[in-house]
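Undergrad: Residue numbers (the numbering used here), protein chains in the order written: chain A, 641 to 983; chain B, 12 to 398.
By construction, the Cβ of each residue, glycine as well, lies at the ideal position given by its N, Cα and C atoms.
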Amino acid sequence: MTTAAATATARTAKAKPATMAQALGRALRDSMAQDPSVHVLGEDVGTLGGVFRITDGLAKEFGEDRCTDTPLAEAGILGAAVGMAMYGLRPVVEMQFDAFAYPAFEQLISHVAKMRNRTGGAMPLPITVRVPYGGGIGGVEHHSDSSEAYYMATPGLHVVTPATVDDAYGLLRASIASDDPVVFLEPKRLYWSKADWSPQAPAAVEPIGRAVVRRAGRSATLITYGPSLPVCMEAAEAAVAEGWDLEVVDLRSLVPFDDETVAASVRRTGRAVVVHESTGFGGPGGEIAARITERCFHHLEAPVLRVAGFDIPYPPPMQERHHLPGVDRVLDAVARLQWEAEH
Amino acid sequence: MTVQELPGAAAYRPTPPPAWKPLTDPAPLLPDPEPYRVLGTDAADGADPELLLRLYAELVRGRRYNAQATALTKQGRLAVYPSSTGQEACEIAAALVLEERDWLFPSYRDTLAAVARGLDPVEALTLLRGDRHTGYDPREHRIAPLCTPLATQLPHAVGLAHAARLKGDDVVALAMVGDGGTSEGDFHEALNFAAVWKAPVVFLVQNNGFAISVPLAKQTAAPSLAHKAVGYGMPGRLVDGNDAVAMHQVLSEAVERARSGGGPTLVEAITYRMDAHTNADDATRYRGDSEVETWRAHDPVQLLERELTGRGLLGEDGIEEARSAAERMAAGLRERMNADPVLDPMDLFNQVYAEQTTQLREQEARLRVELDAENEQHGTDDGGAGR
């Protein structure tokens, strides 16, 4: 693990704009270079470099045995990864699109998540399952699901989702290095977001399980992750005009959940809104709101609110803007918080 | 009105499709129409007497093991036992054809194969007793956990064999599945991956006639399950699953083929489950006594015993010796299974993640308080251990 100082050093060396997609690719490359047991497999990850080009160049650099184009079968890909991990490899599996991962659920839930437990701790499975997720890119049906609640409900899995270029690199490195299976959710509409970043020496490897305060504030806390972080940051800036000073917490890891950072923030502000694209009913926000209520009830000035996607199947691309929580919907919730506080 | 031929019309030919040829010649992949048999045929003459006697001893032990485990369910010592009585030849052969470095991927019915491979019978039964999911270290014995979901362990076998080959190890994986399991998507995906990757895997289908109550004819419309192999580009072999020697030969060849880089093989063993699916099943609802009796006449232990006695390799003494060895095993098993397992409730929490999460630490503490209160109430102090 490394420090902010190391990151700062890295940044001074020829920092230039890099996209999240590039950072993810770099994380794969560095992990493979450092550890020969790291293998990448999936549909189109080889010659094509993945449909999002995350794995671009890996097959050329490390050979097709290390970056393998598999038959098109998600259960087979993940099931083979289980066997590879049983023999001591560290597979990184790409699921291409969120809804394409569903055929692999049996393998994920019955085997990947449970193997350590089933074998009394004797056989851990260090598998990273990369799942590009969420909407906002104009994808047609089955290309925009937010499936994090399914993964969160499965003990044995870590569920990680970066929202920044730095975290994309750091959290993916940490996920691949983890001895536990990690579902690594990539917010695909942030693939092309950029940050000043030095791909030559990006030293920051972020431990899994820590949330971070992206913006400090006093009036209320926005709790979010992945694709909704930029929305919340924008909402927080816009809220200044209303006289609200919002704190924004980026969870980064849904499992394990950083109760401490979240509770500390809500105790400071007394108000909380959870923001995500996933559906509200049975979604991550319900769990988060319950946790906050259990820990911070006496500090709360208002009920914990959720701003989520509607409880509908992901809509067609021409309608998705109505579904996705935007800045106005977040500000509206914040306004309701204030109203609740007055009565 | 007459049709006028336009000039040049006769010269028109549709553009032929681009050249196509099959990727693989299907003929050598097809199984023989008759299941391969050795016992009772001339082929038995060439069989190694030492192997025959070893197989016999293991079959007798296996039969006794099935009977003992079934009895343990009646005494409440096992939650459930899916018996492999009638299928011992498949179970024993699968275990014996593997080298120590090879891996076995058993299904929930294949406890016997794991035991024949050398696993402690009590460790093999923990899943069915209900104290642990897997009572052994899979890496130590190179036996994957007994797999309850159907066919999901087959892709694991492929991945493991593939990984071994990438590492330069000549390790073979043998994966076991029932006839019902061949309908699952994971069966298809595993065979497809194995053939494309030329992975050193042997797939053994024990076709025992029924998937719980559903007969084979309602499971597949294929000529045989072994015929499915040609669709994946691997050889399919059909074998008499009650003929231990035939099973041993066919599986040995498949293992050898895999080890030498020849890729996977699909072996279909035609056999029969003499007992019900488990002790919770009523087999009389879906099959008649006459069918069961037909198969009883083709019993794997009897088949081999007749061969051995007929050839003068086995007498009453030998039979008695094999039976008393099996009896000793059963007595030992009975005695050890009658002891209550000692369990640590804290294992519920510390075997989920490498590093326990805060949430699990909190839940562990809560259980600890409950256990302490319980112990205080009952005046015991066994640290929360106990059944």
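Kindly list the residues whose CB is nearer than 8 Å to the CB of W832 of chain A, restricted to its own chain and excluding five residues on each side of it in sequence; keep chain order.
TA: T659, M660 and A661
Undergrad: By Cβ distance below 6 Å, which residues in the same chain neighbour A201 of chain B in space, the five residues on each side in sequence not counted?
TA: L165, P166 and V169
Undergrad: Along chain A, in chain order, which residues have C-beta atoms closer than 7 Å to that of D181 of chain B?
TA: By Cβ distance, chain A contributes nothing, its closest Cβ being about 13 Å from D181 of chain B, past 7 Å.
Undergrad: Buried or exposed, going by whether 16 or more other CB atoms sit within 10 Å of the CB of A384 of chain B?
TA: exposed
Undergrad: Among the candidates B:L262, B:V241 and B:R24, whose CA atom is the shortest distance from the CA of A38 of chain B?
TA: Looking at B:L262, B:V241 and B:R24, the one whose alpha-carbon comes closest to that of A38 of chain B is B:V241.
Undergrad: What does the Cβ neighbour count give for T909 of chain A, buried or exposed, with the cut at 16 atoms within 10 Å?
TA: So T909 of chain A ends up on the buried side.
Undergrad: L668 of chain A: which of A:T919, A:P657, A:P955 and A:V685 sits nearest, CA to CA?
TA: A:V685
Undergrad: With DSSP as the reference, please indicate the residues paired to V852 of chain A in a beta bridge.
TA: Note: V852 of chain A sits in a beta bridge opposite A:D890.
Undergrad: Using CA coordinates, which residue listed in A:V799, A:T804, A:D890 and A:V906 is at the minimum distance from R855 of chain A?
TA: A:D890
Undergrad: Which chain A residues sit within Cβ distance under 7 Å of F214 of chain B?
TA: Ordered by position in chain A, no residue passes the 7 Å Cβ test against F214 of chain B, which lies about 13 Å from the chain.
Undergrad: Measure the alpha-carbon distance for K834 of chain A versus R666 of chain A and round it to whole angstroms.
TA: Rounded to the nearest angstrom, the two C-alpha atoms are 14 Å apart.
Undergrad: According to the neighbour-count rule (16 or more other Cβ atoms, all chains shown, within 10 Å of its Cβ), is V353 of chain B buried or exposed?
TA: Counting Cβ neighbours within 10 Å, V353 of chain B comes out exposed, since fewer than 16 surround it.
Undergrad: Looking at chain A, which residues of the region 22-48 of chain B have a Cβ within less than 8 Å of any of its Cβ atoms?
TA: Cβ proximity to chain A below 8 Å picks out nothing from the region 22-48 of chain B.
Undergrad: Inspect the CB distances between the region 777-785 of chain A and the region 954-966 of chain A and report whether three or more fall short of 8 Å.
TA: Yes, since at least three Cβ pairs between the region 777-785 of chain A and the region 954-966 of chain A fall closer than 8 Å, the two stretches touch.
Undergrad: Rounded C-beta distance between L185 of chain B and A155 of chain B? I'm assuming under 8 Å.
TA: Going by Cβ atoms, the distance from L185 of chain B to A155 of chain B rounds to 10 Å, so no, they are not a contact pair.
Undergrad: Just checking, does the region 115-124 of chain B make contact with the region 258-270 of chain B on the three C-beta pairs under 8 Å criterion?
TA: Taking a cut-off of 8 Å on C-beta distances, the region 115-124 of chain B does not touch the region 258-270 of chain B, as fewer than three cross pairs fall below it.
Undergrad: Does any residue of chain A have a CB that is nearer than 8 Å to the CB of G170 of chain B?
TA: yes
Undergrad: Roughly how many whole angstroms lie between the Cα atoms of E934 of chain A and S677 of chain A?
TA: 43 Å
Undergrad: Which same chain residues end up closer than 7 Å to L378 of chain B when comparing Cβ atoms and leaving out the 5 residues on each side of it in sequence?
TA: P356
Undergrad: Any chance you could list the beta strand (DSSP E) runs of at least 3 consecutive residues sitting entirely within the region 277-309 of chain B, in chain order?
TA: Runs found: none.
Undergrad: Using a Cβ cut-off of 9 Å, pull out every chain B residue sitting near R892 of chain A, in sequence order please.
TA: Chain-ordered listing is empty here: chain B has no CB closer than 9 Å to the CB of R892 of chain A, the nearest sitting near 15 Å.
Undergrad: Taking V207 of chain B as the query, report the chain A residues whose CB atoms sit under 9 Å from its CB, ordered along the chain.
TA: T710 and P711
Undergrad: Would you mind stating whether T287 of chain B and M258 of chain B have Cβ atoms separated by less than 8 Å?
TA: One point to set straight first is that residue 287 of chain B is Ala, not Thr, in the sequence displayed. No, the pair does not count as a contact, with Cβ atoms beyond the cut-off.
Undergrad: At which residues does the alpha helix (DSSP H) containing M187 of chain B begin and terminate?
TA: It is not in any alpha helix (DSSP H) - M187 of chain B instead sits in the beta strand (DSSP E) that spans A184 to G189.
Undergrad: Looking at chain A, which residues of the region 370-392 of chain B have a Cβ within less than 7 Å of any of its Cβ atoms?
TA: Q370
Undergrad: May I ask you to report which of helix, strand or coil DSSP gives W837 of chain A?
TA: strand
Undergrad: Is it true that the CB of G247 of chain B sits closer than 8 Å to the CB of A237 of chain B?
TA: Taking 8 Å as the Cβ cut-off, A237 of chain B and G247 of chain B qualify as a contacting pair.
Undergrad: What's the gap between the Cα of T861 of chain A and the Cα of F921 of chain A?
TA: 21 Å
Undergrad: Assess contact between the region 119-128 of chain B and the region 89-103 of chain B, defined as three or more Cβ pairs (one per stretch) separated by less than 8 Å. Is contact present?
TA: Segments in contact, yes.
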